[in-house]
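Engineer: Let me begin by handing over the structure; questions about it come next.
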Amino acid sequence: MSDKPVVLKLSVEQAHQLMNKLKNFAVEPIAHTQFRAKYQNHTITLYNSLKLMIQGQKANQIANNLGFKTIAIDGPSKNTSKSTSKSTSKNSSKGTNVSPLVAKSNTIGSDENGNGSYFGSLTVCATYVSQDVISRLQQLGVKDSKMLTDSKILSLSPILKDLLPYELYELVPERYNALQKQYNQHQLKAIIHNFVITELLDRLSASNHVDHIIIDQFEPAANYFKHLNGQTRITRKNVIITPKAESKSLAVAAASIIARSAFLKSLSTLGKPYDIQLPSGASHKSDVVAANIYQKFGLEGLEQTAKLHFANTNKAIALATTKGAH
């Protein structure tokens with residue numbers, strides 16, 4: 084198990100709940116912190132910025148026990164697969180075919196959102212769709228989120244959350260930027276897809292039979308599983324990785340809607356401390372907004388809201404520097 088600390092950004096409500104839960108384990112806080120606790124041989128520190136740090140041999144497990152979903156990055160070694168996608172790109176569009184029979188089976192579908200956007204979280208969702216709810220999803224108009232308006236997605240998502248078993252993970256920019264120094268974007272996506280699928284399988288009852296697990300393809304299956312080398316738990320059985328899976332499977336389509344809704348909400352939530360609505364995408368509009376954040380709040384402002392490895396960061400800094408010269 085990794086001994087790397089877990090770092091999370093909490094809401095005010097989450098902070099209050101945590102302090103109440105651990106009040107019997109509290110120790111003297113240090114400078115710039117609101118609360119510290121010694122809990123199950125781990126040090127738990129809540130900073131004034133509402134950043135939570137959990138330190139110890141089983142930090143991820145403790146975070147999960149406290150109600151915070153985290154991904155345990157146990158391997159692979161640093162950026163071992165950065166060149167893999169290039170060498171296999173010729174095969175990346177093939178994938179595994181999904182027959183109509185498979186599409187209408189009892190299925191877990193997994194999809195992500197926000198990976199192409201400079202601002203906002205990377206969100207990954209897995210949903211379980213049994214045969215008896217397929218007609219209901221069709222009535223609701225569930226389909227590939229790219230074919231729906233954002234307002235429709237925001238209205239559909241809570242309905243799907245009530246209707247379907249699902250697992251959602253949101254990798255906020257601050258945590259994303261820390262992990263991206265060690266793992267490339269394809270590795271992170273593979274690890275999180277595997278995480279939400281495995282978590283969902285754990286929560287399903289014995290009566291929830293799973294025929295297939297369909298993942299929207301971002302890399303060939305061989306690369307996907309290579310990215311998972313070293314992970315403690317890997318789901319392999321009945322996994323199908325196919326391109327444009329949102330248009331082939333209602334389970335993936337439902338997952339894409341919930342993931343998209345979470346991403347859209349992250350743009351609003353992450354922008355609130357800076358009194359700005361963060362834009363989706365990675366266009367010049369993002370450069371301008373990023374430049375304004377950088378001028379007022381420095382690189383830390385971008386670290387909290389954006390994926391720093393995007394080219395937009397250098398463009399924004401250059402733009403802010405040019406503005407400041409006038």
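Under our numbering, the first residue of the sequence shown is numbered 84, with each subsequent residue one higher.
Heads up, the beta-carbon is just placed ideally off N, CA and C, and yes, glycines get one too.
Give every residue of the same chain whose Cβ lies closer than 7 Å to the Cβ of Q97, excluding the five residues on either side of it in the sequence, and list them in chain order.
Structural biologist: Position 14 of the sequence shown, counted from the start, is the residue given in the question as residue 97. Nothing listed; no residue qualifies.
Engineer: With DSSP as the reference, identify every bridge partner of R119, one or two as the case may be.
Structural biologist: As a first step, residue 119 is located in the sequence shown; it is residue number 36 there, counting from the start. V110, T128, per the DSSP bridge assignment.
Engineer: I'd like the list of long-range same chain contacts for E386, defined as Cβ closer than 8 Å, with 5 residues on each side in sequence excluded.
Structural biologist: Here residue 386 refers to the residue found at position 303 when the sequence shown is read from its first residue. Taken in chain order, the residues that qualify are P256, E257, N260.
Engineer: Cα-Cα, which of R319, K309, L246, Q100 is closest to V215?
Structural biologist: Residue 215 sits at position 132 when you count from the first residue of the sequence shown. Note on identity: in this sequence residue 215 is Asp, with Val being the wrong assignment. If we check each option's Cα against that of D215, L246 comes out closest.
Engineer: Spell out a yes or no on whether the region 351-361 and the region 377-391 are touching, meaning 3 or more CB-CB pairs, one atom from each, closer than 8 Å.
Structural biologist: They touch, by the three-pair rule.
Engineer: When the Cβ atoms of the region 206-214 are set against those of the region 189-198, are three or more pairs found closer than 8 Å?
Structural biologist: The region 206-214 is in contact with the region 189-198.
Engineer: Keeping to the same chain, check which residues put their C-beta closer than 8 Å to that of T171; ignore five residues upstream and five downstream.
Structural biologist: Here residue 171 refers to the residue found at position 88 of the sequence shown. Because T171 carries a pLDDT of 32, less than 50, the predicted location of this residue cannot be relied on, and no value is offered for it.
Engineer: To the nearest angstrom, report how far apart I324 and V89 are at their CA atoms.
Structural biologist: Taking the sequence shown and counting its residues from 1, the one referred to as residue 324 is at position 241. Taking the sequence shown and counting its residues from 1, the one referred to as residue 89 is at position 6. One C-alpha to the other measures close to 30 Å.
Engineer: Beta-carbon separation of I280 and I296 under 7 Å?
Structural biologist: Taking the first residue of the sequence shown as position 1, residue 280 is located at position 197. Taking the first residue of the sequence shown as position 1, residue 296 is located at position 213. The answer is yes: Cβ separation under 7 Å.
Engineer: Measure the alpha-carbon distance for I274 versus L311 and round it to whole angstroms.
Structural biologist: Residue 274 sits at position 191 when you count from the first residue of the sequence shown. Residue 311 sits at position 228 when you count from the first residue of the sequence shown. So the two alpha carbons sit approximately 6 Å from each other.
Engineer: Name the two residues that bound the continuous alpha helix (DSSP H) containing Q222.
Structural biologist: Position 139 of the sequence shown, counted from the first residue, corresponds to residue 222. Counting along the chain, the alpha helix (DSSP H) containing Q222 begins and ends at 217-223.
Engineer: Can you tell me the Cβ-Cβ gap for N395 and S363, rounded? I've got them flagged as a contact below 8 Å.
Structural biologist: Taking the sequence shown and counting its residues from 1, one reaches residue 395 at position 312. Taking the sequence shown and counting its residues from 1, one reaches residue 363 at position 280. That belief does not hold up - the Cβ atoms of N395 and S363 are roughly 12 Å apart, past 8 Å.
Engineer: What are the boundary residues of the alpha helix (DSSP H) that includes M102?
Structural biologist: Reading the sequence shown from its first residue, position 19 is the one you call residue 102. Start and end: 95-104.
Engineer: Go through its chain and collect everything with a Cβ distance to S344's Cβ below 7 Å, but skip five positions before and after it.
Structural biologist: Residue 344 sits at position 261 when you count from the first residue of the sequence shown. These residues qualify, in order along the chain: I236, L237, S240.
Engineer: Thinking just about the alpha-carbon of each residue, which of V293, Y377, Y122, A120 is nearest to the one in A403?
Structural biologist: Translated into positions along the sequence shown, residue 403 becomes position 320. Residue Y377 is the option with its Cα nearest to A403.
Engineer: From P159 to L93, what does the alpha carbon distance come to, in whole angstroms?
Structural biologist: Position 76 of the sequence shown, counted from the first residue, corresponds to residue 159. Position 10 of the sequence shown, counted from the first residue, corresponds to residue 93. Unreliable positioning characterises P159 in this predicted model, as indicated by a pLDDT of 37, which lies under 50. A coordinate reading is not provided.
Engineer: For the region 216-291, list the beta strand (DSSP E) runs that are entirely contained and at least 3 residues long, ordered along the chain.
Structural biologist: The region 216-291 contains these whole beta strand (DSSP E) runs: 249-254.
Engineer: Pull up the DSSP beta-bridge partners for T206, would you.
Structural biologist: Indexing the sequence shown from 1 puts residue 206 at position 123. Partner(s): N196, E253.
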